[in-house]
Amino acid sequence: MNKKIGKYFLCFSVFFVVIFITTVTSYAVDPVRKIKLDELNMLLKNHKGKVVIVDLWATWCPPCRKEIPGFINLYNKYKNNNLEIIGIAFDENGLEVVPEVIKKMGINYPVYLGSDDIAQAHDLRAYPTTIIYGKDGKIANKHIGYVSENGFDDEIAALLKK
67 MNKKIGKYFL CFSVFFVVIF ITTVTSYAVD PVRKIKLDEL NMLLKNHKGK VVIVDLWATW
127 CPPCRKEIPG FINLYNKYKN NNLEIIGIAF DENGLEVVPE VIKKMGINYP VYLGSDDIAQ
187 AHDLRAYPTT IIYGKDGKIA NKHIGYVSEN GFDDEIAALL KK
């Protein structure tokens, strides 16, 4: 009887370990898909009550790639304190190149391929462009060009306190 319980416990434990590992690494292995403006708006609506960073970037953009490690660090620091990050990559060959960059850089937040309607709605003129939404779901700030991790950290910390 004890051997039978032990086998069930082992199977049960292995099952939960597999589920945990799959969940933790899901952003790195999920296929990247295109997102439209209405889907982004729905994501933002679903994250109301949280501070949300929307990072509009491209894989070929050196300042964009320079910002990403800072976003990874900020996400790790504040994800349990109501911070969400959504990456939106604008690449012509996005389906081929974006998953590689996600894996290589260890991006741990969701990344989508951008669409023209998102670019138009956010008046995208340069990369990177970062839009920060407050807990009320409204745009708190918009940054065009590179911003350091420390610059974002101060801003995010202040918004999370509101």
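Heads up, the sequence shown is in the working numbering, so the first residue is 67 and it goes up one at a time.
Yeah, the Cβ is synthetic: ideal placement off N, Cα and C, and Gly gets one too.
Can you give me the Cβ contacts of residue i inside the same chain, cut-off strictly under 7 Å, excluding the 5 residues immediately before and after it?
i           : result
residue 124 : 130, 155, 156, 157, 193
residue 138 : 172, 173, 174
residue 106 : 184
residue 150 : 113, 116, 118
residue 227 : none
residue 144 : 222, 226
Does the beta-carbon of residue i have 16 or more other beta-carbons within 10 angstroms, so that it is buried, or is it exposed?
i           : result
residue 170 : exposed
residue 161 : exposed
residue 121 : buried
residue 133 : buried
residue 116 : buried
residue 218 : buried
residue 91  : For residue 91, the predicted model reports a pLDDT of 42, less than 50, meaning its position is unreliable; a value from the coordinates is still stated below. Under this definition residue 91 is an exposed residue.
Let's see if you can read the secondary structure: which residues bound the beta strand (DSSP E) around residue i?
i           : result
residue 205 : 205-210
residue 121 : 117-123
residue 178 : 177-179
Beta-carbon within less than 8 Å of residue i's beta-carbon, same chain only, minus the 5 sequence neighbours each way: which residues are those?
i           : result
residue 126 : 157
residue 164 : 98, 125, 155, 157, 177, 179
residue 111 : 203
Just to confirm the assignment, what range does the alpha helix (DSSP H) spanning residue i have?
i           : result
residue 149 : Careful: residue 149 lies outside any alpha helix (DSSP H), inside the beta strand (DSSP E) at 149-155.
residue 225 : 215-227
residue 193 : That residue, residue 193, is in no alpha helix (DSSP H); it is neither H nor E in DSSP.
residue 163 : 160-171
residue 141 : 128-144
residue 112 : 103-112
residue 183 : 182-187
So, are the CB atoms of residue i and residue j less than 8 Å apart?
i           : j           : result
residue 98  : residue 178 : yes
residue 109 : residue 183 : no
residue 191 : residue 205 : no
residue 188 : residue 197 : yes
residue 225 : residue 203 : no
Would you mind giving the Cβ-Cβ distance between residue i and residue j, rounded to the nearest angstrom? I have them listed as a contact below 8 Å.
i           : j           : result
residue 215 : residue 140 : 7 Å
So, is the C-beta of residue i closer than 8 Å to a C-beta in chain D?
i           : result
residue 162 : Structure shown: chain D not included; a single protein chain is present.
If you drop the 5 nearest sequence neighbours on each side, which residues of the same chain put their C-beta closer than 6 Å to that of residue i?
i           : result
residue 180 : 154, 156
residue 208 : 197
residue 89  : Model confidence at residue 89 stands at a pLDDT of 42, short of 50, so the residue's coordinates are unreliable; what they give is reported in the following sentence. Nothing listed; no residue qualifies.
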